[in-house]
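A quick write-up on the structure given underneath.
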Amino acid sequence: MIQYGTQQPGVESAGIGPVVDALGRARRRASLRFTLLFVLTWIILVGGLGLAIASTGNVHLEFIAEYAPFFLGGVPMTIFVSVVSIFFAVIFALIGALGRISIIAPIYAIATLYVSIVRGTPLIVQIFFIYSALPQFGIVLPALVAGIFALSFNYGAYMTEIFRAGIQAIPRSQLEAASALGMSDWQRMRRIVLPQAVRIVIPAIGNEFIAMIKDSALVSFVGLQELFWRTRTVGSAQFRSFETLLFAAIVYWLLTIVFSLFQERLERRMAASDRRV
Amino acid sequence: MNPPFRLVAMVATTIMLAACTGQGAGSSPTAPAVATATAGTPTVVPTAAPATAITGGLLDKILKAKKLVVSTDPAYPPQSEIQKDGTYKGFDIDVANEIAKRLGVTVQWETPAWEAITAGGWGGRWDISVGSMTITPDRLKVVTFSVPYYYTPAQMAASTKSRITTLDGLAGKTVCVGESTTYYQWLTGTLDFGPSAGGKPPAAPAGVKAVTLPTDRDCAVQWQSGRHDFEGWLSSDTTVAQAIKDGLPLVKVGNPVYSEPLAVATDKSGPDPSDFLTWLDTQIAALHADGTLSALSVKWFGADITKDPSKT
Chain A
1 MIQYGTQQPG
11 VESAGIGPVV
21 DALGRARRRA
31 SLRFTLLFVL
41 TWIILVGGLG
51 LAIASTGNVH
61 LEFIAEYAPF
71 FLGGVPMTIF
81 VSVVSIFFAV
91 IFALIGALGR
101 ISIIAPIYAI
111 ATLYVSIVRG
121 TPLIVQIFFI
131 YSALPQFGIV
141 LPALVAGIFA
151 LSFNYGAYMT
161 EIFRAGIQAI
171 PRSQLEAASA
181 LGMSDWQRMR
191 RIVLPQAVRI
201 VIPAIGNEFI
211 AMIKDSALVS
221 FVGLQELFWR
231 TRTVGSAQFR
241 SFETLLFAAI
251 VYWLLTIVFS
261 LFQERLERRM
271 AASDRRV
Chain V
1 MNPPFRLVAM
11 VATTIMLAAC
21 TGQGAGSSPT
31 APAVATATAG
41 TPTVVPTAAP
51 ATAITGGLLD
61 KILKAKKLVV
71 STDPAYPPQS
81 EIQKDGTYKG
91 FDIDVANEIA
101 KRLGVTVQWE
111 TPAWEAITAG
121 GWGGRWDISV
131 GSMTITPDRL
141 KVVTFSVPYY
151 YTPAQMAAST
161 KSRITTLDGL
171 AGKTVCVGES
181 TTYYQWLTGT
191 LDFGPSAGGK
201 PPAAPAGVKA
211 VTLPTDRDCA
221 VQWQSGRHDF
231 EGWLSSDTTV
241 AQAIKDGLPL
251 VKVGNPVYSE
261 PLAVATDKSG
271 PDPSDFLTWL
281 DTQIAALHAD
291 GTLSALSVKW
301 FGADITKDPS
311 KT
């Protein structure tokens, strides 16, 4: 995370300039060939899989076309649940991480218990617990709130550890240096630790978000009519599980590809200062 | 850690705790009783609608909200099925709409998992279930039923691949049923309609094993997709008939094993349903008498299955 010696020695030296250029050209050619082979392999694999599926004769395209608008109508709900859940998960995680690095025993204990319980139980159990068991304590959350709360509470626990690691990744020496410069605790947290920690954890949040898109399918069990609920219900009612599950899988895949691209870009931006020339 | 940071950590933890408990505190399970409950509504009310309601009761809640929130499992045609425009159709849907019409309110649908409906403790998320629920003593512990609005025979089916054609042929075999269904109870020997409704039905084939999937139809879907982990499938006669009509690889096996009374359910832990059910029971009797239910039954099932089989 700290950069020293990131500059490759000799690169700017004029004496070996032509050699570097030639090397660069060779490297670019190799990378172009790699990209081409990559794309070709994907086309063969995905195309072959598509043909294999089509050849079973089980895919009724007119059925998919008929219901596609209804299925896709669940995508906004899927994205809404994921976005809102990741937002609250970040809040849970930030609070959890501060608790996890606290030297006050009860606070540390509470944060550790939170992480331990949530990470030690299945997400589907947590969703059912929040939806079906809490009403017996008089806490009735509507399906949407229950689903979002379960997802964010769960992801918050996993991200607590990510945030904690991000904060603890800042070398002690930097804190000592900041203290030596006369910064207060809060100042060095705000000026030294957090800006660097944020850069470390943001790509991880992107990762978690992509996982969240997929896990959001679990809230279909509380009756939220998102992508998976719609495909599963129609598939079951019409005896068309094959088409509907295939459709759901492809849409989730495309969604994660789109968000992965965003995330890669973000990651590159965040790592700009790490990059070697 | 120095004091300022410690403070931040402490505040943060407090917020976390508050967030955990605060979520629930805001929404108490039922609306508190309001004193000005049933001052005669000036709006146009159909003649069938009840005149008065217990303050804070279920009927009061429905009439005040001007909507009836109904739970349904729309993966269960011809009783309930979601359409591509997101609306629902089916026998149960029509029955629920008819009830709402007679109350002078509109229906709002909720689609939780079936076991969330049969488990009770709805917390007011929906008012009633019009979901072909069988009246059983076990369910009576958590829900209160209306009088039956129709009766379905439970029908055993076998995959064509198993070549089983008789009920006894399923002895020692595996039968698939929906989760939290009476069919599962029957296979495991725990189904009992109670002394007033015929007690225990005849026993299941000897040594039969049960596997469950989320909804009845999921069983037939497995056969369709080429999975044969089980030989039999027990579901309502209407569901089995629909599956055969849809061209699934299965046959009916033997006569119906028992007949079950299906009714509207309300949550025991929710608002007092007594006045609502009193009203509903007279309405269902009227719907039986004037042929409305019979007509709907013929429309969706191709036969009238609304008559009490024990009285015919």
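Chains A and V, in that order, are what the protein sequence lines are. Per this note's numbering, the first sequence starts with residue 1, numbered consecutively. Per this note's numbering, the second sequence starts with residue 1, numbered consecutively. All residues carry an ideal CB built from backbone N, CA and C; glycine is no exception.
Candidates the options: closest to residue i by CA position
| i | options | result |
| --- | --- | --- |
| valine 83/A | Gln238/A, Ala93/A, Ser152/A and Ile95/A | Ser152/A |
| aspartate 290/V | Tyr183/V, Pro137/V and Lys307/V | Lys307/V |
| threonine 256/A | Leu194/A, Met212/A and Ala143/A | Met212/A |
| phenylalanine 276/V | Thr106/V, Pro78/V, Ile128/V and Phe91/V | Ile128/V |
| glycine 124/V | Asn255/V, Phe145/V and Lys268/V | Lys268/V |
| arginine 188/A | Gln196/A, Ala146/A, Leu175/A and Tyr155/A | Leu175/A |
| phenylalanine 145/V | Asp281/V, Ser294/V and Ile305/V | Asp281/V |
| glutamate 81/V | Thr231/A, Tyr114/A, Glu243/A and Trp253/A | Thr231/A |
| alanine 249/A | Arg265/A, Glu267/A and Lys214/A | Lys214/A |
| methionine 133/V | Ser310/V, Ser274/V, Ile305/V and Pro261/V | Pro261/V |
| lysine 101/V | Gln283/V, Pro309/V and Ser310/V | Gln283/V |
| threonine 292/V | Gly199/V, Leu140/V and Tyr150/V | Tyr150/V |
| arginine 269/A | Val198/A, Leu245/A and Phe221/A | Val198/A |
| glycine 226/V | Leu103/V, Gly104/V and Thr160/V | Thr160/V |
Burial state of residue i, where buried means 16 or more other Cβ atoms lie within 10 Å
| i | result |
| --- | --- |
| phenylalanine 38/A | exposed |
| glutamine 224/V | buried |
| glutamine 222/V | buried |
| tryptophan 229/A | buried |
| lysine 66/V | exposed |
| aspartate 85/V | exposed |
| phenylalanine 247/A | buried |
| aspartate 94/V | buried |
| proline 137/V | exposed |
| aspartate 60/V | buried |
| glutamine 238/A | buried |
| aspartate 114/V | Looking at the sequence shown, residue 114/V is not aspartate but tryptophan. Answer is buried; the Cβ neighbour count reaches 16. |
| arginine 28/A | exposed |
| glutamine 136/A | exposed |
| isoleucine 124/A | exposed |
| glutamate 307/A | The question about residue 307/A has no answer here: the residues shown for chain A are numbered 1 through 277. |
| valine 140/A | buried |
Same chain only: Cβ atoms within 8 Å of residue i, ignoring 5 sequence neighbours per side
| i | result |
| --- | --- |
| isoleucine 164/V | Ala158, Leu170, Lys173, Glu231, Gly232 and Val253 |
| alanine 303/V | Ser297 |
| proline 32/V | Because the pLDDT of proline 32/V is 36, which lies under 50, any placement of that residue in the model is unreliable, and the number read from its coordinates should be weighed accordingly. Only Gly56 meet the Cβ criterion. |
| alanine 68/A | Phe247 |
| glutamate 243/A | Asn58, Val59, His60, Phe63, Ile64 and Gly235 |
| valine 81/A | Leu144, Gly147, Ile148, Leu151, Ser216, Val219, Leu224 and Glu226 |
Residues that residue i bridges to, as DSSP identifies them
| i | result |
| --- | --- |
| proline 261/V | Tyr151/V |
| isoleucine 82/V | Tyr88/V |
| glutamate 110/V | Ser71/V |
| glycine 232/V | Ala158/V and Val175/V |
| threonine 212/A | The sequence shown places methionine at residue 212/A, rather than the threonine named in the question. DSSP lists no partner for methionine 212/A. |
| leucine 250/V | Ser159/V |
| serine 129/V | Ser71/V and Ala265/V |
| tyrosine 108/A | Its beta-bridge partners do not exist; DSSP assigns none. |
| lysine 209/V | Thr174/V |
| tyrosine 76/V | Ser80/V |
| threonine 134/V | Leu262/V |
Nonlocal neighbours in the same chain, by C-beta distance under 7 Å from residue i, ignoring five residues either side
| i | result |
| --- | --- |
| valine 201/A | Ile162, Phe163 and Gly166 |
| threonine 30/V | Caution applies to threonine 30/V, whose pLDDT of 37 falls short of 50 and renders its modelled position unreliable; the model cannot decide the point. |
| tryptophan 300/V | Pro78, Gly90 and Phe91 |
| valine 240/V | Gln155, Ala157 and Lys252 |
| glycine 99/A | Ile107, Tyr108, Ile110 and Ala111 |
| valine 44/V | Any reading at valine 44/V must be qualified, since the residue scores a pLDDT of 45, below 50, and its modelled position is unreliable; the value itself is stated next. Result list for valine 44/V: empty, nothing under 7 Å. |
| valine 75/A | Leu227 and Val251 |
| threonine 215/V | Asp73, Ala75, Tyr76, Trp114 and Gly178 |
| methionine 77/A | Leu224, Gln225 and Glu226 |
Cβ neighbours of residue i in the same chain (closer than 6 Å, five flanking residues each side left out)
| i | result |
| --- | --- |
| serine 236/V | Thr152 |
| alanine 96/V | Val70, Val107 and Val130 |
| tryptophan 279/V | Pro50 |
| valine 118/A | Asn154 and Ala157 |
Please name the residues in the segment 205-235 of chain A whose beta-carbon is closer than 9 Å to at least one beta-carbon of chain V, in chain order.
Ser220, Phe221, Val222, Gly223, Leu224, Gln225, Trp229, Arg230, Arg232, Thr233, Val234 and Gly235
Which residues, in order along the segment 130-153 of chain V, keep a beta-carbon less than 8 Å from a beta-carbon of chain A?
none
In chain order, what residues of the segment 131-143 of chain A put their CB closer than 9 Å to some CB of chain V?
Per Cβ criterion, the list reads Tyr131, Ser132, Ala133, Leu134, Pro135, Gln136, Phe137, Gly138, Ile139, Val140, Leu141, Pro142 and Ala143.
According to a CB-to-CB cut-off of less than 7 Å, which residues of the segment 101-113 of chain V neighbour chain A?
Using a CB distance below 7 Å, the part of the segment 101-113 of chain V facing chain A consists of Glu110, Thr111, Pro112 and Ala113, ordered along the chain.
Residues within the segment 168-190 of chain V neighbouring chain A, beta-carbon criterion of under 7 Å:
none
Chain A contacts made by the segment 61-89 of chain V, where a contact means CB separation under 9 Å
Ser71, Asp73, Pro74, Ala75, Tyr76, Pro77, Ser80, Glu81, Ile82, Gln83, Lys84, Asp85 and Gly86
Give me the subset of the segment 57-74 of chain A whose CB atoms are less than 8 Å from a CB atom of chain V, sorted by chain position.
From the segment 57-74 of chain A, only Glu66, Tyr67, Pro69, Phe70 and Gly73 have a Cβ closer than 8 Å to chain V.
Using Cβ-Cβ distances below 7 Å, what residues of the segment 115-131 of chain V are close to chain A?
Ala116, Ala119, Gly121, Gly123, Gly124 and Arg125
Near-chain C residues of the segment 229-253 of chain V (beta-carbon distance less than 7 Å), N- to C-terminal order
This model lacks chain C altogether, as its protein chains are A and V.
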